[in-house]
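Residue numbers (this note's numbering): 4 to 195.
Even glycine gets a Cβ: it sits at the ideal position worked out from N, Cα and C.
Notes for the one structure printed next.
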């Protein structure tokens, strides 16, 4: 009886090994995306900080305070259902998509109506126009939430990373360009 060497390619891998390999690749893609996002954000903010005033950053800070809660409700809260549900159907995706859009529309309307009052509350009159324009971001988040969740569900982190990286680069270019041209808080809004 002769013994033949068996290569590792001939040994069937268990499903858990395949899952571990996929998880490892996913972790690398996610880490790459996060680090590149941090790096591009830092570089663009350093450039923009040289062109804008502290007041511009203060206005932007108020915008973030007002918009962070609606953004969570309109795009982030329902995605976990799509990722974790074992028997996902098209109806589930459609329901989450419609719900995200409805939340975005609701919060968009609330921000449009309450922007003057928020500006008075914070004693920042220019905040009205910035809030009204930047609240459009809620729709972008709602429109991208379901496709992003489905990509994550199918562990297609490479595709998510590519979209994120393009977004980081475009945001940085637009933000820096607007800072050079306008030299006001609109550059920070455009970067978003």
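Would you check if the distance between the CB atom of residue i and the CB atom of residue j is smaller than 8 Å?
{"i": "residue 39", "j": "residue 166", "result": "no"}
{"i": "residue 109", "j": "residue 99", "result": "no"}
{"i": "residue 135", "j": "residue 115", "result": "yes"}
{"i": "residue 43", "j": "residue 175", "result": "yes"}
{"i": "residue 70", "j": "residue 140", "result": "yes"}
{"i": "residue 32", "j": "residue 160", "result": "yes"}
Would residue i be called buried (16 or more neighbouring beta carbons within 10 Å of its own) or exposed?
{"i": "residue 105", "result": "exposed"}
{"i": "residue 63", "result": "buried"}
{"i": "residue 23", "result": "exposed"}
{"i": "residue 34", "result": "exposed"}
{"i": "residue 133", "result": "buried"}
{"i": "residue 21", "result": "exposed"}
{"i": "residue 144", "result": "buried"}
{"i": "residue 57", "result": "exposed"}
{"i": "residue 74", "result": "buried"}
{"i": "residue 46", "result": "exposed"}
{"i": "residue 191", "result": "buried"}
{"i": "residue 90", "result": "exposed"}
{"i": "residue 123", "result": "exposed"}
{"i": "residue 11", "result": "Low local confidence applies: a pLDDT of 49 at residue 11 is under 50, so the model's placement there is unreliable, and no value is given."}
{"i": "residue 93", "result": "exposed"}
Leaving out five residues before and five after residue i in sequence, what residues of the same chain have Cβ atoms less than 7 Å from its Cβ?
{"i": "residue 243", "result": "Any property of residue 243 remains undetermined from this structure, which presents the chain solely from 4 to 195."}
{"i": "residue 81", "result": "99, 102, 103"}
{"i": "residue 180", "result": "none"}
{"i": "residue 200", "result": "Any property of residue 200 remains undetermined from this structure, which presents the chain solely from 4 to 195."}
{"i": "residue 129", "result": "62"}
{"i": "residue 121", "result": "69, 130, 134"}
Tell me which residues share the same chain as residue i and place their Cβ nearer than 8 Å to its Cβ, disregarding the 5 neighbours each side in the sequence.
{"i": "residue 125", "result": "65"}
{"i": "residue 95", "result": "84, 85, 88"}
Excluding sequence positions up to five away, which residues of its chain have a Cβ less than 6 Å from the Cβ of residue i?
{"i": "residue 54", "result": "182, 186"}
{"i": "residue 15", "result": "Its pLDDT being 48, under 50, residue 15 is placed unreliably by the model, and nothing is read from it."}
{"i": "residue 152", "result": "82, 85, 86"}
{"i": "residue 111", "result": "138, 141"}
{"i": "residue 163", "result": "154"}
{"i": "residue 150", "result": "none"}
Report the CB separation of residue i from residue j in whole angstroms; it is logged as a contact under 8 Å.
{"i": "residue 178", "j": "residue 51", "result": "6 Å"}
{"i": "residue 119", "j": "residue 131", "result": "5 Å"}
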